[in-house]
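Reviewing the structure listed below.
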Amino acid sequence: MGHRHVTAYDEERVASVSGELAAVIDAATFGIHSWEEVPAAFSRYFPGSWVGLHNINFSEISLNFLSAHNIEPQFFRSFQEHFVYVNPWNPHWSTVKSGVISLSERVAPARMFAHTEFFNDWLLPQKNVEAAMGLKIDGDHGESIQFMMHYPLSHSDKYDDAGAEVLRRTRGNLLRSIEFGRLMRSRAESAAAGAALVERGLRATFVVDGDRTVREANQQAVDLFSSATALSVRFDRIYLSNKEADSKFGNVLAALAAGIPTDGSRISFRTADGAWQVALAALPGVTAQGGTILSLIPPRRMVLVLVTDLSSERLKSTNLSALSAAFRLTPSEVAFCRRLLLGESVAEAAGQLGITIMTARSRLKAIFHKTDTSRQGQLMLLLTRLT
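Once you know that position 217 of the sequence shown is 256 in our numbering, the rest is easy, because the numbers rise by one and skip nothing.
Structure below.
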């Protein structure tokens with residue numbers, strides 16, 4: 040913990056601390072500083088305190104980001120792994136409006152929770168950091184970004200008003216950072232979703248996040264949504280037309296969005312209009328550089344969904360004779376293109392054709408060369424135009 044004794048927080052000192060903290064927040068937003076510097080910039084002016092910044096999703100019960108300064112490593116780890124979820128102040132933070140600054144001694148003193156595991160096994164053993172204050176800012180889909188400071192009760196008379204004033208003066212900086220982070224996250228997610236769609240062919244394909252929100256969809260999927268035969272969209276969320284299949288879909292989607300391996304990612308079902316199959320696959324996560332805003336507001340894991348009309352023979356009978364004539368593709372290369380148009384990955388196509396993945400990759404390179412394309416997305420655009 041800090042050792043420097045501070046006797047007073049006059050206007051000049053509060054302004055100085057606020058200015059430095061605001062500058063560090065702005066720098067972290069654009070990757071000039073790490074977000075680790077933000078808690079440090081606050082804590083160093085309040086001896087005996089530790090400061091944390093975290094992004095917790097109350098609806099998903101997940102911790103998206105945590106940085107803290109001046110806390111013992113074992114308490115940091117146990118907070119990250121367990122106590123952040125059983126924090127008795129969570130009900131307060133989950134209900135107050137975005138932008139609210141609260142002080143524990145004025146809304147819910149720690150001694151009110153003397154009977155809890157959080158108080159006895161985590162807060163009390165840290166020795167004299169029972170007072171706390173924090174700023175809460177809403178993110179998206181249940182996210183709560185909290186900037187908090189714990190400090191000795193004996194310092195409350197000096198720290199409460201001064202610390203709260205620093206938070207008030209820097210609140211706008213953190214709000215702007217989070218808004219910028221939400222924008223950057225949306226762009227990163229949209230780019231990943233768009234890239235996933237362009238590599239798929241004739242099947243209805245769309246991308247959703249963990250709460251069923253449709254992020255991107257190809258035209259075939261849009262047409263299918265409109266028909267409401269196999270699935271429909273209500274309030275931007277996707278639902279299968281078969282109740283039992285929809286329940287399975289929700290469970291698989293939740294697991295994949297949480298990064299949990301799951302069986303049953305292919306779901307077959309019937310409706311009055313025919314037989315259908317949906318296949319779900321988690322898209323690779325967007326990796327955030329260590330110090331960027333995307334580490335504080337990380338992109339959500341998204342899921343690719345492919346829909347097949349099992350009663351339709353249209354895909355199987357697609358005429359690809361133009362490919363052979365235009366680009367001198369061999370029958371095996373045309374067959375490979377057909378599998379890609381069905382929405383299969385290279386590995387799936389290899390399995391269907393009974394060839395190794397190495398052979399499939401070599402065949403794809405040969406097709407790239409003959410069609411003067413260099414990426415699978417370019418090839419798919421060419422194939423869809425020719426069919």
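A virtual CB, placed ideally from N, CA and C, is assigned to each residue, including glycine. If you're wondering where the values come from, they're calculated on a predicted model, not measured in any experiment.
So, helix, strand or coil for residue i, using DSSP?
i	result
T347	strand
V45	Below a pLDDT of 50, predicted positions are generally treated as unreliable, and V45, at 48, falls in that range; no measurement from the model is reported.
L368	coil
K136	coil
T244	strand
F315	Phe is not the amino acid found at residue 315; the sequence shown has Trp there. Residue state, collapsed to three classes: strand.
V77	helix
F274	coil
K409	helix
N290	helix
G303	coil
H180	coil
G173	strand
T398	helix
V168	coil
S55	helix
V125	coil
G279	At residue 279 the sequence reads Leu, which differs from the Gly that was named. Strand.
S101	strand
T268	coil
T252	strand
L142	strand
N212	helix
I'd like to confirm the pairing. Which residues does DSSP put opposite residue i in its beta bridges?
i	result
Q415	According to DSSP, which records beta bridges pairwise, Q415 is partnered with nothing at all.
V342	V247 and A321
G91	A107 and M187
F308	W315
N159	DSSP lists no partner for N159.
Alpha carbon to alpha carbon, how far is residue i from residue j?
i	j	result
R254	S137	25 Å
P148	E156	16 Å
H194	A171	11 Å
L403	R367	14 Å
S229	N257	13 Å
V344	A311	21 Å
P164	N96	27 Å
S371	S225	40 Å
L420	T410	12 Å
V11	P112	Here the chain comprises residues numbered 40 to 426, so residue 11 is not present and cannot be evaluated.
T369	S363	7 Å
G324	H408	30 Å
L381	D348	11 Å
A61	S106	17 Å
F288	L236	20 Å
Using a C-beta cutoff of 8 Å, does residue i count as contacting chain B?
i	result
L368	Note that chain B does not occur in the displayed structure, where there is just one protein chain.
Thinking just about the alpha-carbon of each residue, which of the options is nearest to the one in residue i?
i	options	result
P300	I306, V291 and F308	V291
R24	L359, A66 and L142	Only positions 40 to 426 of the chain appear in this structure, which leaves residue 24 out of reach.
F308	L279, E204 and A361	L279
F104	I396, R339, S286 and A364	R339
H131	E169, H154, S98 and K175	K175
T244	I277, I100 and L418	I277
D31	V342, L192, Q119 and A54	In the structure as shown, the chain begins at 40 and stops at 426. Residue 31 is therefore absent and cannot be evaluated.
L335	V56, S73 and A62	S73
F346	A386, I71 and R305	The sequence given here has Val at residue 346, not Phe. Measuring from the Cα of V346, the nearest candidate turns out to be R305.
A203	A234, E144, G220 and G298	E144
S57	E75, S363, D248 and R210	R210
R83	Y198, L222 and H154	Y198
Y190	K287, H108 and I396	H108
L222	D179, H154 and R116	D179
G87	K166, A62, V139 and V53	K166
G441	D248, D65, A231 and A389	Shown here, the chain extends from 40 to 426; a query on residue 441 therefore has no answer.
P78	L270, I64, R242 and A284	I64
D248	H121, A297 and D49	A297
A320	S384, D285 and A284	S384
Touching by the beta-carbon criterion (3+ pairs, under 8 Å), the stretch 107-127 and the stretch 201-220: Below 8 Å, too few C-beta pairs join the stretch 107-127 and the stretch 201-220 to call them touching: fewer than three.
Stretch-stretch touch, CB-based, cutoff 8 Å, three pairs: the stretch 75-93 with the stretch 176-191: Under the three-pair Cβ rule at 8 Å, the stretch 75-93 counts as touching the stretch 176-191.
The stretch 261-269 contacting the stretch 361-380, beta-carbon criterion three pairs below 8 Å: Taking a cut-off of 8 Å for Cβ pairs, the stretch 261-269 and the stretch 361-380 do not touch, as fewer than three such pairs fall below it.
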